[in-house]
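K.L.:
There are 2 protein chains.
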Amino acid sequence: MRDRSGDIERMAELYVGFGANLQPGQLLGVTAYLGMEEIARAIARAGYRRGARYVDVFWWDPWIKRARLEHADEATLDYVPPWVGQRMLWLGEERAARVSLVGADPSAYDGLDPARTGKDVMPYVKETPVVVNEQTTSWTAAPFPTLGWAQQVFPELPPDEALDKLWEQVLHTLRLDEPDPIAAWHERMDTLIAAAGRLTERRFDAVQLRGPGTDLTVGLLPSSKWLAADFTTIDGQKHYPNLPTEEVFTTPDPERVDGFVTATKPLEFYGARIDGIRIRFAGGRAVEIDADTGAEALRGIAAKDDGASRLGELALVDGQGRIGPLGTVFRETLFDENAASHIALGNAYTFPVEDEADLPRINTSAVHVDFMIGSPEVEVDGLTRDGQRVPILRRGDWQL
Amino acid sequence: MRDRSGDIERMAELYVGFGANLQPGQLLGVTAYLGMEEIARAIARAGYRRGARYVDVFWWDPWIKRARLEHADEATLDYVPPWVGQRMLWLGEERAARVSLVGADPSAYDGLDPARTGKDVMPYVKETPVVVNEQTTSWTAAPFPTLGWAQQVFPELPPDEALDKLWEQVLHTLRLDEPDPIAAWHERMDTLIAAAGRLTERRFDAVQLRGPGTDLTVGLLPSSKWLAADFTTIDGQKHYPNLPTEEVFTTPDPERVDGFVTATKPLEFYGARIDGIRIRFAGGRAVEIDADTGAEALRGIAAKDDGASRLGELALVDGQGRIGPLGTVFRETLFDENAASHIALGNAYTFPVEDEADLPRINTSAVHVDFMIGSPEVEVDGLTRDGQRVPILRRGDWQL
Chain A
74 MRDRSGDIER MAELYVGFGA NLQPGQLLGV TAYLGMEEIA RAIARAGYRR
124 GARYVDVFWW DPWIKRARLE HADEATLDYV PPWVGQRMLW LGEERAARVS
174 LVGADPSAYD GLDPARTGKD VMPYVKETPV VVNEQTTSWT AAPFPTLGWA
224 QQVFPELPPD EALDKLWEQV LHTLRLDEPD PIAAWHERMD TLIAAAGRLT
274 ERRFDAVQLR GPGTDLTVGL LPSSKWLAAD FTTIDGQKHY PNLPTEEVFT
324 TPDPERVDGF VTATKPLEFY GARIDGIRIR FAGGRAVEID ADTGAEALRG
374 IAAKDDGASR LGELALVDGQ GRIGPLGTVF RETLFDENAA SHIALGNAYT
424 FPVEDEADLP RINTSAVHVD FMIGSPEVEV DGLTRDGQRV PILRRGDWQL
Chain B
74 MRDRSGDIER MAELYVGFGA NLQPGQLLGV TAYLGMEEIA RAIARAGYRR
124 GARYVDVFWW DPWIKRARLE HADEATLDYV PPWVGQRMLW LGEERAARVS
174 LVGADPSAYD GLDPARTGKD VMPYVKETPV VVNEQTTSWT AAPFPTLGWA
224 QQVFPELPPD EALDKLWEQV LHTLRLDEPD PIAAWHERMD TLIAAAGRLT
274 ERRFDAVQLR GPGTDLTVGL LPSSKWLAAD FTTIDGQKHY PNLPTEEVFT
324 TPDPERVDGF VTATKPLEFY GARIDGIRIR FAGGRAVEID ADTGAEALRG
374 IAAKDDGASR LGELALVDGQ GRIGPLGTVF RETLFDENAA SHIALGNAYT
424 FPVEDEADLP RINTSAVHVD FMIGSPEVEV DGLTRDGQRV PILRRGDWQL
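Same order as they appear, the protein sequences are chains A and B. Basically the working numbering = 1-based index in the first sequence + 73. Basically the working numbering = 1-based index in the second sequence + 73.
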């Protein structure tokens, strides 16, 4: 197994200096899972070197959660200690920078009863989307390769090799294999921001995706705006909420989605793997849900509430990204949703909607489940209000 | 290195079931250092099996703190994030059980500037003594042997042997080498409670300690009461705040301490080791402080504020305890203060004072530093108001 200490230092610098864009005097909140000590400590050092007023690490241990899921009285499983949400609101009030690490060992939850696991969504707390939508913190969600994660991604390899391979792929997607990663990121973001700008400019009435097993038309709202994942806080601080990121995305019209779609990658959801998803939409609603494996789990998600069977997001991923070409199923949404164009059942983001009059029309739900429907074979077109068809993506290349 | 999984399970049961005495439906707060994953997870399992409503683990990483002490602007080092204190107050309001683990690797702070380290006292927060004095939580402070701690205690041994030896000594002091540890604890506590009761009954005016290099008279308040470390919350829940515990203690009169004293064990304080302490007291105040090494550090502590040079505690430890006979310097106050009779410079506990009229007379300070002054050679006498001398301890045996 290779020594990763240099990679970890450069990773921490990227997350703190570029992703969260920490400014001198700012607080830095970090969410880290047990098993991520090295990167958390490197982030703390990077934060203090850049003048952080305080680096506050929220540690989360999946094995403590497992003890709860195994032994606690079921009626108590939705209890959330108040300080976790208070801490998130404090980071918002303090205009903090935030780094949220992903890549925890998912095997901690092996063999648990899904009916119980679904009741405890910690470390997620309801205050997190509040702070995200208030745009008060400069945040990034970014990976750390743990052994447990690597073994899920490359189960056919010996553990050490699996971890090395995951490291190499993660470093590649983070552009940390470039001599100047930040320049590489700026170049990539320029492409995505330009594509998003051109898509917004056209004010398409709908987007159509056509390919093997897919012919889906997704209606847009009059003021649906396309965004790349470069955000700005209400105080004007730039940050990159996902590292890596390859998508441009918008909030669709949840009443106007029609046709059928076949997923191009498996979906991981609370430890369940759903393969070969096929969904038929009519009038915005998923009216038929099938899959090769795990169909029941997906139907369960879509039945969670009224908005769970309607779309909350449409995202396009071109062929120049670094995740899709690897062909790896990372079993982490941060990676897999940036591998290919995707849609999400459930809750919508408010900020891609420019006109307040459109806000009441967007989808709301307790869930937000992304799944991949794009590939080089899938053609993406824009449909104008006067019935014209405008090519958007062909074989992964922007046509606008 | 021996497999400790069985020991860890029994340790967790002792801490949760006996020390904190968790009741069904109660919250359980745990303070754990990184490196104590095994015991924290065993405590969580033990807690949930006993019906904990939720087990809330506060993780603390000395290496994240080191990053701060090395790199942060000195003016920010006294900043404390509000949620840490809010969490402690919440545990009090919820009438939680609490387990606070000790035994973290002290080498995380090696080589740091003491002037900077003294400014950051986290994870200690000012809300902790508030909740302790309110007696709303059923808590225990208890050890977990980490490799870093073991190497400090037995630097002459190879690391594996040092850890094994520390484990054996810790299990012995916890009575976990007994077939029925709880029965052994009840038996020991009965002795200590009886000794404390007899001491309280006599209402001594003062206690005198005489031995090699020591002739010290410590005045008591009219309502100074002697206690063993079995506590009861305001709701009547028994708990054992220290495991192991061997002491009976009281709150002295900070105006009436006279004579000289020689420490019988070294004192560890924020990574500094102070050997051969010799102090002369007059009118309650430490007027001369000497030591073989580290005298300056101790003088610095005593100059911290007005109460730092006066006594806040007098504790007697008999010869039947399990720590003193080992002859080990554990470099952890929880152990070393239970090895021999001791006094503490600084802040006093309120609960050993029975009469509210005496409360304004007790010592107050920002510090509380215990150091050991007892040994089998030190004779302890009670002095009555009418000038009689009553033997209390001779060669470690109770005389009352």
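Glycine included, each C-beta is placed from N, C-alpha and C at the ideal position.
Can you tell me whether D253 of chain A is buried or exposed? The criterion is at least 16 other CB atoms within 10 Å of its CB, across all chains shown.
P.N.:
Counting from one through the first sequence, the residue named residue 253 of chain A turns up at place 180. Looking at its Cβ environment, which holds fewer than 16 other Cβ atoms inside 10 Å, D253 of chain A is exposed.
K.L.:
My output table needs one value for S78 of chain A: the three-state DSSP class, helix, strand or coil.
P.N.:
Looking up residue 78 of chain A in the first sequence gives position 5. Looking at S78 of chain A - three-state DSSP - the assignment turns out to be helix.
K.L.:
Mind listing the chain A neighbours of T190 of chain B? Cutoff is C-beta to C-beta under 9 Å, in chain order.
P.N.:
As a working note, residue 190 of chain B is residue 117 in the second sequence. Those do not exist, as T190 of chain B stays about 15 Å from chain A at its closest Cβ, beyond 9 Å.
K.L.:
Just reading off the beta strand (DSSP E) that M445 of chain B is part of, what are its end residues?
P.N.:
In the second sequence, the residue the question calls residue 445 of chain B occupies position 372. Segment H441 to M445, the beta strand (DSSP E) holding M445 of chain B.
K.L.:
Between which two residues does the beta strand (DSSP E) holding E328 of chain B run?
P.N.:
Position 255 of the second sequence, counting from 1, holds the residue named residue 328 of chain B. P325 to T335 is the span of the beta strand (DSSP E), which, as asked, contains E328 of chain B.
K.L.:
Buried or exposed, going by whether 16 or more other CB atoms sit within 10 Å of the CB of I307 of chain A?
P.N.:
By 1-based counting over the first sequence, the position of residue 307 of chain A is 234. It counts as exposed.
K.L.:
Near E386 of chain A, which residues of its chain fall below 8 Å by C-beta distance, leaving aside the five closest residues on each side in sequence?
P.N.:
Counted from its first residue, the first sequence places residue 386 of chain A at position 313. Here the set comprises F322, T323, T324, P325, H415, I416, A417, A421, Y422, H441 and D443.
K.L.:
Give me the Cα-Cα distance between L236 of chain B and F227 of chain B, rounded to the nearest whole angstrom.
P.N.:
Numbered from its first residue, the second sequence carries residue 236 of chain B at position 163. Numbered from its first residue, the second sequence carries residue 227 of chain B at position 154. Whole-angstrom Cα-Cα distance: 8 Å.
K.L.:
Can you list, in chain order, the residues of the region 156-169 of chain A whose Cβ is nearer than 8 Å to any Cβ on chain B?
P.N.:
Hits within the stretch, in order: W156, Q159, R160 and W163.
K.L.:
Tell me whether G380 of chain B sits in a helix, a strand or coil according to DSSP, three-state version.
P.N.:
Within the second sequence, residue 380 of chain B is the residue found at index 307, counting from 1. It is helical.
K.L.:
Drop a sphere of 10 angstroms on the beta-carbon of T213 of chain B, count the other beta-carbons inside from all chains shown, and report buried for 16 or more, exposed for fewer.
P.N.:
Looking up residue 213 of chain B in the second sequence gives position 140. Burial call: buried.
K.L.:
Please list the terminal residues of the continuous beta strand (DSSP E) segment that includes L101 of chain A.
P.N.:
Stepping through the first sequence from its first residue, residue 101 of chain A is reached at position 28. Looking at the DSSP string, the run of the beta strand (DSSP E) that includes L101 of chain A is L100 to Y106.
K.L.:
Check K238 of chain A in the structure and name its three-state DSSP category.
P.N.:
Start at 1 with the first residue of the first sequence, and residue 238 of chain A comes out as number 165. Here K238 of chain A sits in helix by DSSP.
K.L.:
What does A177 of chain B touch in chain A if you count any residue whose Cβ is under 7 Å from its own?
P.N.:
The residue given as residue 177 of chain B occupies position 104 in the second sequence. Those within 7 Å of A177 of chain B in chain A number zero; the least Cβ separation is about 14 Å.
K.L.:
May I ask which residues mark the beginning and end of the alpha helix (DSSP H) holding I465 of chain A?
P.N.:
Taking the first residue of the first sequence as 1, we reach residue 465 of chain A at position 392. Unbroken run through I465 of chain A is the beta strand (DSSP E), R462 to R467; no alpha helix (DSSP H).
K.L.:
Count the other CB atoms within 10 Å of the CB of A148 of chain A; is the residue buried (16 or more) or exposed (fewer)?
P.N.:
Counted from its first residue, the first sequence places residue 148 of chain A at position 75. Its Cβ having fewer than 16 others within 10 Å, A148 of chain A is exposed.
K.L.:
Any C-beta of chain A sitting closer than 8 Å to the C-beta of L510 of chain B?
P.N.:
This structure leaves residue 510 of chain B out entirely; chain B is present only between 74 and 473.
K.L.:
For the alpha helix (DSSP H) holding P202 of chain B, just list the boundary residues, first then last.
P.N.:
Here residue 202 of chain B refers to the residue found at position 129 when the second sequence is read from its first residue. From DSSP, the alpha helix (DSSP H) with P202 of chain B extends over E200 to E207.
K.L.:
Output the residue ranges of the beta strand (DSSP E) runs that lie fully inside the region 401-428 of chain B and measure 3 residues or longer, sorted by chain position.
P.N.:
Listed in chain order, the complete beta strand (DSSP E) runs (minimum 3 residues) inside the region 401-428 of chain B are 415-419.
K.L.:
In angstroms, rounded to a whole number, what distance separates the CA positions of Y182 of chain A and Y313 of chain A?
P.N.:
Residue numbering aside, residue 182 of chain A sits at position 109 when the first sequence is read from its first letter. Residue numbering aside, residue 313 of chain A sits at position 240 when the first sequence is read from its first letter. Going from the Cα of Y182 of chain A to the Cα of Y313 of chain A covers about 30 Å.
K.L.:
Where does W132 of chain A sit, in a helix, a strand or coil, going by DSSP?
P.N.:
For the purposes of this step, residue 132 of chain A is taken as the residue at position 59 of the first sequence. Residue state, collapsed to three classes: strand.
K.L.:
Please list, in chain order, the chain B residues whose beta carbon lies closer than 7 Å to that of R114 of chain A.
P.N.:
Taking the first residue of the first sequence as 1, we reach residue 114 of chain A at position 41. What R114 of chain A touches in chain B: W136, I137 and A140.
K.L.:
For the region 299-322 of chain B, enumerate the residues whose C-beta is nearer than 9 Å to any C-beta of chain A, in chain order.
P.N.:
Cβ contacts with chain A come from no residue of the region 299-322 of chain B.
K.L.:
Which of the three DSSP states is assigned to E251 of chain A in this structure?
P.N.:
Taking the first sequence and counting its residues from 1, the one referred to as residue 251 of chain A is at position 178. The answer is coil: DSSP assigns E251 of chain A none of H, G, I, E or B.
K.L.:
For Y152 of chain A, which residues in chain B fall below 8 Å Cβ to Cβ?
P.N.:
Residue mapping note: residue 152 of chain A aligns to position 79 of the first sequence, counting from 1. By Cβ distance, chain B contributes R126 and Y127.
K.L.:
Output the distance between the C-alpha atoms of P285 of chain A and D151 of chain A, rounded to the nearest integer angstrom.
P.N.:
Counted from its first residue, the first sequence places residue 285 of chain A at position 212. Counted from its first residue, the first sequence places residue 151 of chain A at position 78. Answer to the nearest angstrom: the Cα atoms are 41 Å apart.
K.L.:
If you scan the region 352-376 of chain B from start to end, which runs of the alpha helix (DSSP H) of 4 or more residues do you find wholly inside it?
P.N.:
DSSP runs (the alpha helix (DSSP H)) wholly in the region 352-376 of chain B: 368-375.
K.L.:
Roughly how far, in whole angstroms, is the beta-carbon of P196 of chain A from the beta-carbon of Q225 of chain A, given that I think they are within contact range, below 8 Å?
P.N.:
As a working mapping, residue 196 of chain A is identified with position 123 in the first sequence. As a working mapping, residue 225 of chain A is identified with position 152 in the first sequence. Wrong, their Cβ atoms sit about 19 Å apart, outside the cutoff.
K.L.:
How would you call G455 of chain B, buried or exposed, if buried means at least 16 neighbouring beta carbons within 10 angstroms?
P.N.:
Counting from 1 along the second sequence, the entry for residue 455 of chain B is found at position 382. Buried is the call here.
K.L.:
Cβ of R434 of chain A less than 8 Å from any chain B Cβ?
P.N.:
Numbered from 1 along the first sequence, position 361 holds the residue referred to as residue 434 of chain A. Judged by the 8 Å Cβ criterion, R434 of chain A is not in contact with chain B.
K.L.:
Look at the Cβ atom of R358 of chain A, then the Cβ atom of S382 of chain A, and state whether they are nearer than 8 Å.
P.N.:
By one-based count along the first sequence, residue 358 of chain A stands at place 285. By one-based count along the first sequence, residue 382 of chain A stands at place 309. Cβ distance < 8 Å, so R358 of chain A and S382 of chain A count as in contact.
K.L.:
Please name the residue or residues paired with K311 of chain A in a DSSP beta bridge.
P.N.:
Stepping through the first sequence from its first residue, residue 311 of chain A is reached at position 238. Answer is A:T305, bridged to K311 of chain A.
K.L.:
Is R114 of chain B closer than 8 Å to I137 of chain A when the C-beta atoms are compared?
P.N.:
In the first sequence, residue 137 of chain A corresponds to position 64, counting from 1. In the second sequence, residue 114 of chain B corresponds to position 41, counting from 1. For I137 of chain A and R114 of chain B, yes; Cβs fall inside 8 Å.
K.L.:
Looking at the C-beta of D65 of chain A, does it have a partner C-beta in chain B at a distance below 8 Å?
P.N.:
Given that chain A is displayed from residue 74 to residue 473, the structure contains no residue 65 of chain A and the question cannot be resolved.
K.L.:
Are the C-beta atoms of R122 of chain A and some chain B residue less than 8 Å apart?
P.N.:
In the first sequence, residue 122 of chain A corresponds to position 49, counting from 1. Judged by the 8 Å Cβ criterion, R122 of chain A is in contact with chain B.
K.L.:
Leaving out five residues before and five after G176 of chain A in sequence, what residues of the same chain have Cβ atoms less than 7 Å from its Cβ?
P.N.:
Within the first sequence, numbered from 1, the residue matching residue 176 of chain A stands at position 103. Closer than 7 Å at Cβ, skipping near neighbours: P216, F217, P218, T219, W222 and E405.
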